[in-house]
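Here the structure is laid out as structure tokens; the discussion comes afterwards.
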Ligand SMILES: [Zn+2]
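Protein chains in written order, with the working numbering: chain A, 46 to 239; chain B, 2 to 159.
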């Protein structure tokens, strides 16, 4: 008889059907004769069924996927590694976040699920540009770059170093173009309104 | 590139949703992961590894972000007693219950559970995504399982 502990560790992947052939037959045989492991299989089948997603979410994801595909379809062919369209990332983020936000609102509020996207927001009519700097950029350089032209920094740096800057309407393209010429800046895109 | 997004954006969102459990952070992470994907996509040839590559990027960025925020202590804090509910529970109550179990796990353990039970990856694939030895995957699952089991039976619902 094979080692019970070793077998037991494999049960999660016995349940999801991804063991190789020899592991699979090992488990088949062991589970037949070991009550404890058989109960573990039954428990894990129940638990793993909780990880599935409902139809509403799948449909929502599909619509997000179609929208993402349309946007990416419209891109010019770049081919080269490192190239990226100017606006694709925020667009895709918006779609993905819409899916996540819908998921969040569909789930009853709960303590441990710390959704802060619903905090009372400041309504900003001006375009918002997201900016990320190289790590080497000094605080002084960052401040000067962001505030040039009387822009307002709304928030930042976030965990990932993103600053959000409100820009005078109609001037965001020029602002982004200026940022892109700045060697300290690694990311500058207009935020899509949701 | 188009196919990459079609295929992987929803999966990325789902993975981060379960593993990170913080809507604001998810938004930043998706942005960051996709930026990395754009910058490096040209280097990827083998279709079979694209999915694991993207999820691996997401996992590492999530781990870094959470470590930087030192949020571990709040993520594993006490979870309130679940409400009793009937057998014909709706999906969203089930999702809430699942999150009550998941929140007791570390991010590393949640990632293993999500990749196994939602994504259906084998343990060698999960080891590749997380960049750890296969034995680490098994150990994480073992402890994740034990923690969830305890949480489950402590409410007389095992
Ligand atoms: Zn056994």
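Where is the CB? At the ideal position from N, CA and C, for every residue including glycine.
Members of the segment 120-134 of chain B near chain A, C-beta cut-off 7 Å: Listed by position along the chain: 121, 122, 123 and 124.
What are the residues that DSSP puts in a beta bridge with residue 175(A)? One-based indexing of the first chain puts residue 175(A) at position 130. 209(A) and 234(A).
By the criterion of Cβ-Cβ separation under 9 Å, what are the contact partners of residue 207(A) in chain B? Locating residue 207(A) in the first chain gives position 162, where the first residue counts as 1. Those are 29, 32 and 33, listed as they occur along chain B.
Within-9 Å CB hit, residue 95(A) to chain B: Residue numbering aside, residue 95(A) sits at position 50 when the first chain is read from its first letter. Yes, residue 95(A) counts as interfacial toward chain B.
Is residue 91(A) close to ligand 2? I mean its beta-carbon at under 8 Å from any heavy atom of the ligand. No copy of ligand 2 appears in this structure; the ligands present are ligand 1.
Residues around ligand 1, please: the ones whose beta-carbon is closer than 7 Å to some heavy atom of it, in chain order. Going by the Cβ distance cut-off, the answer is 49(A), 52(A), 53(A), 75(A), 79(A), 81(A) and 82(A).
Could you pull out every residue in the same chain whose Cβ sits closer than 6 Å to the Cβ of residue 37(B), ignoring the five residues on either side in sequence? Along the second chain, one-based indexing puts residue 37(B) at 36. Only 58 meet the Cβ criterion.
Taking all protein chains shown into account, do 16 or more other C-beta atoms lie within 10 angstroms of the C-beta of residue 185(A), making it buried, or fewer, making it exposed? Sequence index remark: in the first chain, residue 185(A) carries index 140 (1-based). Exposed.
Which residues, taken in chain order from the segment 81-92 of chain A, show a beta carbon closer than 8 Å to some beta carbon of chain B? From the segment 81-92 of chain A, only 88, 89 and 92 have a Cβ closer than 8 Å to chain B.
Does chain A have any CB closer than 9 Å to the CB of residue 159(B)? Within the second chain, the letter at position 158 stands for residue 159(B). The pLDDT assigned to residue 159(B) is 40, lower than 50, so where the model puts this residue is not dependable; a value taken from the coordinates is nonetheless given after this. It does: the Cβ of residue 159(B) has a partner Cβ on chain A nearer than 9 Å.
Cβ closer than 8 Å: which chain B residues qualify as neighbours of residue 232(A)? By 1-based counting over the first chain, the position of residue 232(A) is 187. For residue 232(A), the chain B residues whose Cβ falls inside 8 Å of its Cβ are 36, in order along the chain.
Using three-state DSSP, classify residue 30(B) as helix, strand or coil. Numbered from its first residue, the second chain carries residue 30(B) at position 29. DSSP places residue 30(B) in helix when its eight states are reduced to three.
Own chain, CB closer than 6 Å to residue 197(A), minus 5 neighbours either side, in chain order: Here residue 197(A) corresponds to residue number 152 of the first chain, with the count starting at 1. Once the five neighbours on either side are set aside, the close Cβ partners of residue 197(A) are 211.
Minimum Cβ-Cβ distance from residue 54(A) to chain B less than 9 Å: For the purposes of this step, residue 54(A) is taken as residue 9 along the first chain, with counting starting at 1. Under the Cβ distance rule, residue 54(A) counts among the residues neighbouring chain B, one pair being separated by less than 9 Å.
Measuring CB atoms only, is the segment 174-183 of chain A touching the segment 215-231 of chain A, in the sense that at least three cross pairs come out at less than 8 Å? Because the criterion of three Cβ pairs below 8 Å is met, the segment 174-183 of chain A and the segment 215-231 of chain A touch.
Using the Cβ count rule (16 or more neighbours within 10 Å means buried), how would you classify residue 73(A)? Residue numbering aside, residue 73(A) sits at position 28 when the first chain is read from its first letter. Counting of Cβ neighbours within 10 angstroms places residue 73(A) among the exposed residues, the total staying below 16.
Looking at the C-beta of residue 115(B), does it have a partner C-beta in chain A at a distance below 9 Å? Looking up residue 115(B) in the second chain gives position 114. Proximity of residue 115(B) to chain A, defined by a Cβ-Cβ separation below 9 Å, is satisfied.
So, helix, strand or coil for residue 199(A), using DSSP? Counting from one through the first chain, the residue named residue 199(A) turns up at place 154. Note: residue 199(A) maps to strand in three-state DSSP.
What residue range is occupied by the uninterrupted alpha helix (DSSP H) comprising residue 110(B)? Your numbering for residue 110(B) matches position 109 in the second chain. Residue 110(B) -> alpha helix (DSSP H) spans 108-118.
For residue 79(B), count neighbouring C-beta atoms within 10 Å of its own C-beta (all shown protein chains included) and say buried if the count is 16 or more, exposed if not. Position 78 of the second chain, counted from the first residue, corresponds to residue 79(B). Its pLDDT being 38, under 50, residue 79(B) is placed unreliably by the model, and the measurement read from it follows with that caveat. It is exposed - the Cβ of residue 79(B) has fewer than 16 other Cβ atoms within 10 Å.
Considering only the beta carbon of each residue, do residue 148(B) and residue 106(B) sit closer than 9 Å? As a position in the second chain, residue 148(B) is number 147, starting the count at 1. As a position in the second chain, residue 106(B) is number 105, starting the count at 1. Residue 148(B) is a Cβ neighbour of residue 106(B), given a cutoff of 9 Å.
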